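Contents: one structure, followed by commentary.
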Amino acid sequence: MAEKDNWLLAGAKQDGESITKEWKPTAPALIDGVIFQEIKPVLTAYGSLTEIFRTEWVPGAAQIGQIFASTLEPGGLSAWHAHAITTDRLFVAAGQMRVVLYDARADSPTFGMLNEFKLGTKRPGLLVVPPRVWHGVQNYCSTPAILVNAVDHAYRYDAPDHWRVPADSDTVPYRFSNDRHG
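First residue of the sequence shown? That's 9 in the numbering used here, and the numbers climb one at a time after it.
Laid out in structure tokens, this is it:
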């Protein structure tokens, strides 16, 4: 350690760039097929308006089979799940959530890649999760959070396109934290 760096603690790591000097967030490499559309709320005389979904944001996304909302209580976790044919379009309408994606598709150019997003009212965005990508969501705040999903195929009660492994499964190289500060 150089003399001028003698204040650094062992194991300290410098933060990477998260925003440019033009105040544009830097984007991590995304799993193949994943789309993230940052959304900027419009301030109005009564508060604000936030778009949730526009077909031009997602090529080939004209079909919506079902829209539903899930509420996650503080610390609530729903992981891991994937779909064989269904595309998820996720939007956090209230609160803050961590959404983590894992590409276990052996035929994918991003096989083995993880993506982590923090979405919510403080950072609105639409996250498109393609079929066969494993994902989990966690409310890391102290208030309930609401996740809206506009899927292309409606849930089939007789044969759900929904596959699960436990949140602590060794098949996914990620562990959700109990830290409620993000």
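All C-beta atoms in this analysis are idealised placements derived from N, C-alpha and C, irrespective of residue type, glycine included.
The model shown is predicted, which means the values in this text are computed figures rather than measured ones.
In DSSP terms, what residue i is bridged to
i           : result
residue 55  : 52
residue 156 : 77 and 99
residue 128 : 104 and 131
residue 46  : 133
residue 111 : 141
Best match in the options for proximity to residue i [C-alpha to C-alpha]
i           : options              : result
residue 184 : 54, 86 and 46        : 86
residue 24  : 34, 15 and 47        : 34
residue 78  : 114, 118, 13 and 153 : 153
residue 48  : 41, 38, 59 and 54    : 59
residue 133 : 61, 67 and 178       : 61
residue 162 : 95, 36 and 54        : 95
Straight-line Cα distance separating residue j from residue i
i           : j           : result
residue 176 : residue 159 : 26 Å
residue 93  : residue 19  : 43 Å
residue 129 : residue 138 : 23 Å
residue 106 : residue 97  : 15 Å
residue 51  : residue 32  : 19 Å
residue 89  : residue 141 : 8 Å
residue 144 : residue 170 : 13 Å
residue 43  : residue 17  : 38 Å
residue 120 : residue 41  : 14 Å
Cβ-based burial, residue i [other Cβ within 10 Å; buried from 16]
i           : result
residue 104 : buried
residue 99  : buried
residue 15  : exposed
residue 123 : buried
residue 125 : buried
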